[in-house]
Structures are given as structure tokens and as C-alpha cells.
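Visitor: Under the UniProt record's numbering, the first residue of the sequence shown carries the number 1, and numbering increases by one thereafter. A virtual CB, placed ideally from N, CA and C, is assigned to each residue, including glycine.
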Amino acid sequence: MPPKLTPISIPDFATTQLALLDSELQSELEETHLLLSNSTPTALARAGLAITNLTLSSLRTGLGGKIVVELGLDSAVSGKGGSGKDEGELGEHGIRTGDIVLVSEQPAGSAKKREVKDLEAKGSRGVVTRAQKTGVWVALDNEEDDGVTGSKRLMNQTMTRMQKMKEDEYSSFLRTLFGLSSPSPVGDLDEKIEWIDPSLNDSQKDAIKFALASREAALIHGPPGTGKTHTLIELILQMLKQSLRVLVCGPSNISVDNIVERLAPHKIPIVRLGHPARLLPSVVNHSLDVLTQTSDAAAIVKDVRKEMDMKQASIRKTKSGRERKAIYGDLKELRKEFREREKKCIGTLIGGSKVVLATLHGAGGFQLKDSAFDVVIIDEASQALEAQCWVPLLRASKVVLAGDHLQLPPTIKSLNSKTTKAKIKDTEGVIKGMTLETTLFDRLLKLHGPDIKRMLTTQYRMHEKIMRFPSDQLYESKLIAAEAVKARLLKDLPYEVEETEDTIEPLIFFDTQGGDFPEKSEDEEVKAGKGMMSESKSNEMEAALVKQHVQNLVNAGVKPEDIAVITPYNAQLALMSRSMKEAFPGIELGSVDGFQGREKEAVIVSLVRSNSEKEVGFLGEKRRLNVAMTRPKRSLTVIGDSETLHRGSKFLKSWVEFLEENSDLRYPSVASLNAQ
Numbered sequence: 001m002p003p004k005l006t007p008i009s010i011p012d013f014a015t016t017q018l019a020l021l022d023s024e025l026q027s028e029l030e031e032t033h034l035l036l037s038n039s040t041p042t043a044l045a046r047a048g049l050a051i052t053n054l055t056l057s058s059l060r061t062g063l064g065g066k067i068v069v070e071l072g073l074d075s076a077v078s079g080k081g082g083s084g085k086d087e088g089e090l091g092e093h094g095i096r097t098g099d100i101v102l103v104s105e106q107p108a109g110s111a112k113k114r115e116v117k118d119l120e121a122k123g124s125r126g127v128v129t130r131a132q133k134t135g136v137w138v139a140l141d142n143e144e145d146d147g148v149t150g151s152k153r154l155m156n157q158t159m160t161r162m163q164k165m166k167e168d169e170y171s172s173f174l175r176t177l178f179g180l181s182s183p184s185p186v187g188d189l190d191e192k193i194e195w196i197d198p199s200l201n202d203s204q205k206d207a208i209k210f211a212l213a214s215r216e217a218a219l220i221h222g223p224p225g226t227g228k229t230h231t232l233i234e235l236i237l238q239m240l241k242q243s244l245r246v247l248v249c250g251p252s253n254i255s256v257d258n259i260v261e262r263l264a265p266h267k268i269p270i271v272r273l274g275h276p277a278r279l280l281p282s283v284v285n286h287s288l289d290v291l292t293q294t295s296d297a298a299a300i301v302k303d304v305r306k307e308m309d310m311k312q313a314s315i316r317k318t319k320s321g322r323e324r325k326a327i328y329g330d331l332k333e334l335r336k337e338f339r340e341r342e343k344k345c346i347g348t349l350i351g352g353s354k355v356v357l358a359t360l361h362g363a364g365g366f367q368l369k370d371s372a373f374d375v376v377i378i379d380e381a382s383q384a385l386e387a388q389c390w391v392p393l394l395r396a397s398k399v400v401l402a403g404d405h406l407q408l409p410p411t412i413k414s415l416n417s418k419t420t421k422a423k424i425k426d427t428e429g430v431i432k433g434m435t436l437e438t439t440l441f442d443r444l445l446k447l448h449g450p451d452i453k454r455m456l457t458t459q460y461r462m463h464e465k466i467m468r469f470p471s472d473q474l475y476e477s478k479l480i481a482a483e484a485v486k487a488r489l490l491k492d493l494p495y496e497v498e499e500t501e502d503t504i505e506p507l508i509f510f511d512t513q514g515g516d517f518p519e520k521s522e523d524e525e526v527k528a529g530k531g532m533m534s535e536s537k538s539n540e541m542e543a544a545l546v547k548q549h550v551q552n553l554v555n556a557g558v559k560p561e562d563i564a565v566i567t568p569y570n571a572q573l574a575l576m577s578r579s580m581k582e583a584f585p586g587i588e589l590g591s592v593d594g595f596q597g598r599e600k601e602a603v604i605v606s607l608v609r610s611n612s613e614k615e616v617g618f619l620g621e622k623r624r625l626n627v628a629m630t631r632p633k634r635s636l637t638v639i640g641d642s643e644t645l646h647r648g649s650k651f652l653k654s655w656v657e658f659l660e661e662n663s664d665l666r667y668p669s670v671a672s673l674n675a676q
């Protein structure tokens, strides 16, 4: 039976979102201010919240006039000090694409507090567009951005529009998404479809048929390793066969680029909106910035650009004020002409493209102002703020959301702030209990029930034993391991690996109970910074055990680049990086949150928590644990203290019990570690 719809007032929804977005921004700014005023750059770097010793490698401007700076490690410090990083590598840090950052000059060690403040004030805010091992790219905010990124501004504008909409302006699409009316009945799913990729499994085909037949909204639920992107590619190609125009969005550049890479070989006209500095090198040729310089429509724009460059050069040569004034006048006219021609060129390119791809906030740019699309597809929808999704959706009449609401939602800083809750409570028209953590995917599922979604059920990543617990606990026991992966082990890797106790077991649990592997909190200097740093925990003995296990795997022949070590705590990540990056070149270390969407042959999870109070903190969150346990292909090793973990959430307790029953259970001794 379909759920009883509880309609949501659209103006109240928008009012609530505006209040929540404002408090989120305040929390972000407050946290940044606290961290900067209470911690030295060195302490911030140690906690993974800053990168020091950077210098400007390059600078460029693109469409929209944003300046993007590339920052690399200063050659004076590059490769020094045996910190376990290769020459020119930045080392481990927690800075990710999309983060708001401050780029400022580093104060000298002896700098006084006032001098440090002055340097910060002179710094520029921006958004990280790419973070790699050797550099970070930051799109600096324009003066008029006033430090608030374009994304935040667009979400606010979109919510304000929805707040002011009159009821007679609501489309049937809008009404369905807020429960004011039920979804239209889904048409014929037995219709014969000629598949472009015959290797699709039944659950993928079913999801595609369902998404094609749905009138307003369809959810594709893709648990880890079930080929969600693969399914979306076929869906897009089938929509093109039906002559539909498709806008594909995602919350991050990487989520959109993955689709561009897989669509490109199909030789269909596609345009990727977004600054080239933010895109993967392999997709740049499809970017609007490159197409406006290389397409037929671009030739006329090129001529004006050339003329402008010549005028710029002649200004430098002329001494006469009158001549300069005349040249400036010409330049002004040329700029106007350039903008008009560029706009026309962009219009031609986008108009001629069957598929346009952009981040959610990129879809709100001037380039799409007059474009109409039949369908909007949002990938990684479970990691996007709902307000972000409405940037492209206000112009839509149908949406397909793909994601997994049982993995981590977007990170929300203001979630537990008491001041936030009090302030929002007092705002008129606010919907009680709504938070930014509730995504559109979550909300539609609750509103219309499971009939609005289809789940992909064959997974192509994990050994059956690794898959069993998440499948039973979270995915209604519906996951099936594909024949090719269900029994594969490290000893079966396509290169020579010895048969040892570590390479024949898909699931290993090192139980550190007994109190010999105690956690510790981040040191006092960092603790003053409050926020995320005071939360961070580390565990030296666990780190030593991780290193020993990695050494055993490498000795057996497993390549370090096939191994990942992940942990929920930044302080533990920093500790392990210091001792392991140099010892095992190519190994990947990361936070659980940062590793969402990734996979490796062997994954070691360091759970860190071990204390007499039996506290587990945010480790008990099942979506975080779900991400941790579903990254490996052939081998999952979990390291933790069962006595502490048993007292955690119900989900954590169940997992530990499952590991005790089903894994290769080991009780490590501190003596054997110290003997190394």
C-alpha cells in the first residue's frame, strides 16, 4: 500500500531551508575563525586542516572571469625531512574539493598575534576546485562574492524564488515532489528495449525501464559496487534514442566527470560546463571553455579576442594620452562585442548538444539561462543538499535521482549547534525537525514509499563474505555477489602473491581488547581550536599493528598501491601517514569519509576507540561504518577493541558480533609489536 502523503508547504520548505543554510554558513565561518585564532599553522597542518609551505605555481582565468591559482610545495622544503612523502608531495591533509579555504601568507614562527591577524585579513577566500598529491587548485572569490561562494548564493536565490511562488505557478512536477499530488502511474515496463550494452544485469535493466517510464520522479538506489554509473550511461543513451534533452548533474566535479569520461566514447554531442582547472584532464576537451575556442562557432569569437590582445599591446607602446583614450574606447566596444559573440557561441554549442553536464551549482550559471531540458539526472544525490538540487530542478519536469541513502550524507557543521536550533525555532514558518542532512532522495523515499525507487542488486566489487553483513543489515539481504568476484582472494591477484594466512582470508578481525591498545585525544595545542580537532583521536599501538599487517601483505607480494588504510579519525590518519608513506610508496591512506565512492583490493580499517568509559563517539554512525566496510574487493581487515565497540550503537555491536563469528579472529600482543 502506498504511504499516506503528508504534503509539505512549498513556502515553508523554502523558509526552513533559508534559515538552515544561513546557520550552516555561520557555523562554517565561526569554526574557521576559531581554528585560525586558536591554533598555529603547524598545529592546523598536523590535524590535516591546513597545508603550509606552499607557493604559487600558476594562475589562469577562464569563463566567468574567476581566477584559479595552482599552489604547489615550495621547492625550498620539497623532499626534506623524511616525512614519508615523495619529493613535491603535499603529504596527508583533510582538504577536499568544494571546501571553502583561506589562502594567505604564512606568518613567521616569531610573528605576533596581531601580525598573524593582519596576514589573514590580507588573504583571499576561495573554493578548492582540485586537490592532488602535488598541488591544490583554488578558485578565488571575486570582490562581489564577498567571501560567500557562488554555490551558497545560488541556493539562497533558488529558495527565495520558491518562497515567493504562487500556488497557480506550481507545475505537476513540483506538486508531486512536495506531496501535493501523487506520482502519475508508471506506464508499460514490459516494452521491448534494444540495449546498447548487452552486459547489463536484470536489476540494472529494470531500473532503466522504470526511470524511462516514470513521469515525474524515479530513484535509482545503487548500493556499493552495483554499477550505478554504468546504469546511468545506458539510461542517458536510451533517453537520447527517445529524442529527449538531458541535463546531468552531481554535487561535485568528480561525480560529473566520471559520467563525461564514460559517455565520451559514444560519440554524442556533449558539453561539460565548468572551469577547466576543476575538470579531469580527460574531459577538458568537452568543456565549454575549450569548445568556445575550438568549435566552428568559436572562430568569430577568436577574431575579436585577437583584436583585443593587439589593442592591449598597443596601449603599452603609446605615450600620448589622447591615443590611449581612443584605444580604451575601442577596447570597451570590443569587450561588448566579445561578450555578445561569446554568448551567441555558447548558445549555439549548448543548443546543439543533446547532453549537458554540470555540477548542481554550475547548472545555475548564465550559460543555461534560456535552455530547456526534458529530464534532469542527479548522480550521487544522497550526497547533495536538497537546496542544491533545486538549482537545476526549478526548470525541470522530470528528475531521476541516483545514489545510496545508506552511505554518508553531505557533511553538516551546524547540526548539533544549540544556538542554531534556538534561532531556527524562533523563525516563523519553519518546519519542525527538518535538517540539511535530509536529502531530496531521503525525503522522496519517505514521502512516496519504496514504489518510487528501484534497487541495483548485483554487486561487482566485494568477496561474498565481505558483502554479507552490509547486505543483511542494510540492504534487506538483497545483494548478490557477481560470479567473478564472490570468491576472489588476495592470493588470486593477477600477479604473483604467496599463499599466507593473510592472503587466503577475505575477512580478518584483530581484536585489541584488554586495554593494551589505548586511544588518546589530540594534543592540547590543537585542542584549543575546538571544533573538529578536539574531537580527533589517535591510537599508536593500533597504528603499529596496521603497519605490521601491511608489511606482512607486502612481504607476501601484494603491491602497496593495491592496499588502502582508512580510519574515521584525522589524528590517526596523520599518525599513520607519518610512519607509512615512506615505508610503502604507493599505499593509500585516507579518512573513511574521504574514501566514499572508492575501492581497493585490500582495505585495513583502524577503528581507534579503546577506553575504559567505553565511548565510541561518531564511530557508531551506521552510514560511516557502511562506507568503511564496503570499500574492499578481496580483503577486509578490521582493527578494534571489542570491549569498547560492544558498547557502541546497536549497529556497531552487531558488526562486532558478526566479525567474532565469521572472520579470522586474531588477538594481537603488544609484546610481538614491540619486538619488531
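Within 10 angstroms of the Cβ of residue 441, are there 16 or more other Cβ atoms? Answer buried if so, exposed if not.
Guide: Locating residue 441 in the sequence shown gives position 441, where the first residue counts as 1. So residue 441 ends up on the buried side.
Visitor: Give me the Cα-Cα distance between residue 498 and residue 556, rounded to the nearest whole angstrom.
Guide: Start at 1 with the first residue of the sequence shown, and residue 498 comes out as number 498. Start at 1 with the first residue of the sequence shown, and residue 556 comes out as number 556. Those two C-alpha atoms are separated by around 5 angstroms.
Visitor: Taking the C-alpha atoms as reference points, what is the distance between residue 519 and residue 537?
Guide: For the purposes of this step, residue 519 is taken as residue 519 along the sequence shown, with counting starting at 1. For the purposes of this step, residue 537 is taken as residue 537 along the sequence shown, with counting starting at 1. Each residue's Cα considered, the two are about 7 angstroms apart.
Visitor: From this set, 609, 594, 449, 549, which residue's C-alpha is nearest residue 514's C-alpha?
Guide: On the sequence shown, residue 514 is found 514 positions in, with the first residue counted as 1. Nearest of 609, 594, 449, 549 to residue 514, Cα basis: 609.
Visitor: I believe residue 215 touches residue 332 by the beta-carbon criterion, under 8 angstroms. Please report the beta-carbon distance rounded to the nearest angstrom.
Guide: Residue 215 sits at position 215 when you count from the first residue of the sequence shown. Residue 332 sits at position 332 when you count from the first residue of the sequence shown. Residue 215 to residue 332, Cβ: 50 angstroms. No contact.
Visitor: Does the Cβ-Cβ distance between residue 244 and residue 271 come in under 7 angstroms?
Guide: In the sequence shown, the residue the question calls residue 244 occupies position 244. In the sequence shown, the residue the question calls residue 271 occupies position 271. In this structure, residue 271 does not lie closer than 7 angstroms to residue 244 by Cβ.
Visitor: If I follow the unbroken alpha helix (DSSP H) through residue 549, where does it start and stop?
Guide: Working through the sequence shown from its first residue, we reach residue 549 at position 549. Taken as a continuous stretch (DSSP letters only), the alpha helix (DSSP H) holding residue 549 covers 540-555.
Visitor: Of all the beta strand (DSSP E) runs that stay within the bounds of the stretch 565-645, which reach a length of 3 or more residues?
Guide: Entirely contained in the stretch 565-645, the beta strand (DSSP E) runs reaching 3 residues are, in chain order, 588-591, 600-606, 632-640.
Visitor: Relative to the alpha-carbon of residue 545, which residue among 629, 667, 613 has its alpha-carbon at the smallest distance?
Guide: Start at 1 with the first residue of the sequence shown, and residue 545 comes out as number 545. With distances taken between Cα atoms, residue 545 lies closest to 667.
Visitor: Quick one: measure Cβ to Cβ for residue 231 and residue 207, integer angstroms, because I've assumed they're closer than 8 angstroms.
Guide: On the sequence shown, residue 231 is found 231 positions in, with the first residue counted as 1. On the sequence shown, residue 207 is found 207 positions in, with the first residue counted as 1. With 8 angstroms as the limit, residue 231 and residue 207 qualify as a contact, their Cβ atoms being about 6 angstroms apart.
Visitor: What are the start and end residues of the beta strand (DSSP E) that includes residue 338?
Guide: In the sequence shown, residue 338 corresponds to position 338, counting from 1. Unbroken run through residue 338 is the alpha helix (DSSP H), 321-351; no beta strand (DSSP E).
Visitor: Alpha carbons only, please: which of 293, 639, 16, 240 is nearest the one belonging to residue 603?
Guide: For the purposes of this step, residue 603 is taken as residue 603 along the sequence shown, with counting starting at 1. With distances taken between Cα atoms, residue 603 lies closest to 639.
Visitor: Taking a contact to mean a Cβ-Cβ separation below 7 angstroms, would you say residue 623 touches residue 408 in this structure?
Guide: Working through the sequence shown from its first residue, we reach residue 623 at position 623. Working through the sequence shown from its first residue, we reach residue 408 at position 408. Result yes, Cβ atoms of residue 623 and residue 408 sit closer than 7 angstroms.
Visitor: Look up residue 195 in the DSSP assignment and say whether it is helix, strand or coil.
Guide: Position 195 of the sequence shown holds residue 195. In the structure shown, residue 195 sits in coil (DSSP, three-state: anything other than H, G, I, E or B).
Visitor: Would you mind sorting residue 598 into buried or exposed? The rule is 16 or more other CB atoms within 10 Å of its CB.
Guide: For this step, residue 598 is matched to residue 598 along the sequence shown. Looking at its Cβ environment, which holds fewer than 16 other Cβ atoms inside 10 Å, residue 598 is exposed.
Visitor: Helix, strand or coil for residue 217, going by three-state DSSP, please let me know.
Guide: Here the question's residue 217 lines up with position 217 in the sequence shown. DSSP places residue 217 in strand when its eight states are reduced to three.
Visitor: May I ask which residues mark the beginning and end of the alpha helix (DSSP H) holding residue 161?
Guide: As a first step, residue 161 must be located in the sequence shown, where it is residue number 161. 150-164 is the span of the alpha helix (DSSP H), which, as asked, contains residue 161.
Visitor: Should residue 470 go down as buried or exposed, given a rule of 16 or more other Cβ atoms within 10 Å for buried?
Guide: Taking the first residue of the sequence shown as 1, we reach residue 470 at position 470. By the 10 Å Cβ count, residue 470 comes out buried.
Visitor: Helix, strand or coil: which one does DSSP assign to residue 55?
Guide: The residue given as residue 55 occupies position 55 in the sequence shown. Residue state, collapsed to three classes: strand.
Visitor: Between which residues of its own chain and residue 352 is the CB-CB distance below 8 angstroms, once the five residues before and five after are set aside?
Guide: For the purposes of this step, residue 352 is identified with residue 352 of the sequence shown, where counting begins at 1. Result list for residue 352: 269, in chain order.
Visitor: Restricting to Cα atoms, I'd like to know which of 118, 97, 95, 94 is closest to residue 105.
Guide: Residue mapping note: residue 105 aligns to position 105 of the sequence shown, counting from 1. Minimum Cα distance to residue 105 is reached at 118.
Visitor: Please give the ranges of any alpha helix (DSSP H) in the stretch 354-432, keeping only runs that are unbroken, at least 4 residues long and fully inside the region.
Guide: Counting whole runs of 4 or more residues, the stretch 354-432 contains the alpha helix (DSSP H) stretches 386-393, 418-425.
Visitor: Report yes or no: is there a C-beta of chain B within less than 7 angstroms of the C-beta of residue 379?
Guide: The chain labelled as chain B is not found in the depicted structure, where only one protein chain is given.
Visitor: What is the DSSP secondary structure of residue 24, reduced to helix, strand or coil?
Guide: Here residue 24 is taken as the residue at index 24 of the sequence shown, counted from 1. Of the three classes helix, strand and coil, the one that applies to residue 24 here is helix, per DSSP.
Visitor: Given a cut-off of 7 angstroms on the beta-carbon distance, is the pair residue 168 and residue 431 in contact?
Guide: Position 168 of the sequence shown, counted from the start, is the residue given in the question as residue 168. Position 431 of the sequence shown, counted from the start, is the residue given in the question as residue 431. Against a cut-off of 7 angstroms, the Cβ pair of residue 431 and residue 168 comes out as no contact.
Visitor: Give the straight-line distance between the Cα atoms of residue 283 and residue 395, rounded to the nearest whole angstrom.
Guide: One-based indexing of the sequence shown puts residue 283 at position 283. One-based indexing of the sequence shown puts residue 395 at position 395. Approximately 26 angstroms, taken between the alpha carbons.
Visitor: Candidates 280, 26, 616: which alpha carbon is nearest residue 650's?
Guide: Along the sequence shown, one-based indexing puts residue 650 at 650. That would be 616, whose Cα lies nearest to the Cα of residue 650.
Visitor: Between residue 487 and residue 664, what straight-line distance do the alpha-carbon atoms span, to the nearest angstrom?
Guide: Mapped onto the sequence shown, residue 487 falls at position 487. Mapped onto the sequence shown, residue 664 falls at position 664. Cα-Cα distance, rounded: 16 angstroms.
Visitor: For the putative contact between residue 427 and residue 412, defined by C-beta atoms under 8 angstroms, what is the C-beta separation to the nearest angstrom?
Guide: Within the sequence shown, residue 427 is the residue found at index 427, counting from 1. Within the sequence shown, residue 412 is the residue found at index 412, counting from 1. Going by Cβ atoms, the distance from residue 427 to residue 412 rounds to 18 angstroms, so no, they are not a contact pair.
Visitor: Is it right to say residue 306 is buried, meaning 16 or more other beta carbons lie within 10 angstroms of its own, or is it exposed?
Guide: In the sequence shown, residue 306 corresponds to position 306, counting from 1. Looking at its Cβ environment, which holds fewer than 16 other Cβ atoms inside 10 Å, residue 306 is exposed.
Visitor: Under 7 angstroms, do residue 578 and residue 463 count as touching if we go by C-beta distance?
Guide: Here residue 578 is taken as the residue at index 578 of the sequence shown, counted from 1. Here residue 463 is taken as the residue at index 463 of the sequence shown, counted from 1. Contact: no.
Visitor: Restricting to Cα atoms, I'd like to know which of 136, 303, 382, 500 is closest to residue 345.
Guide: Counted from its first residue, the sequence shown places residue 345 at position 345. If we check each option's Cα against that of residue 345, 303 comes out closest.
Visitor: Could you round the C-beta distance between residue 229 and residue 259 to whole angstroms and report it? I think they count as a contact, below 8 angstroms.
Guide: Residue mapping note: residue 229 aligns to position 229 of the sequence shown, counting from 1. Residue mapping note: residue 259 aligns to position 259 of the sequence shown, counting from 1. Correct: roughly 6 angstroms between the Cβ atoms.
Visitor: Going by alpha carbons, who is nearest to residue 392 out of 127, 53, 383, 359?
Guide: By one-based count along the sequence shown, residue 392 stands at place 392. Closest option to residue 392, Cα to Cα, is 359.
Visitor: From the DSSP output, which residues share a beta bridge with residue 458?
Guide: The count along the sequence shown starts at 1 and reaches residue 458 at position 458. Beta-bridge pairing links residue 458 to 480.
Visitor: Pull up the distance between the alpha-carbon of residue 80 and that of residue 620, whole angstroms please.
Guide: Counting from 1 along the sequence shown, the entry for residue 80 is found at position 80. Counting from 1 along the sequence shown, the entry for residue 620 is found at position 620. Here residue 80 scores only 47 on pLDDT, less than 50, and its place in the model should not be relied on; the value that follows carries that caveat. Taking the straight line from one Cα to the other gives about 39 angstroms.
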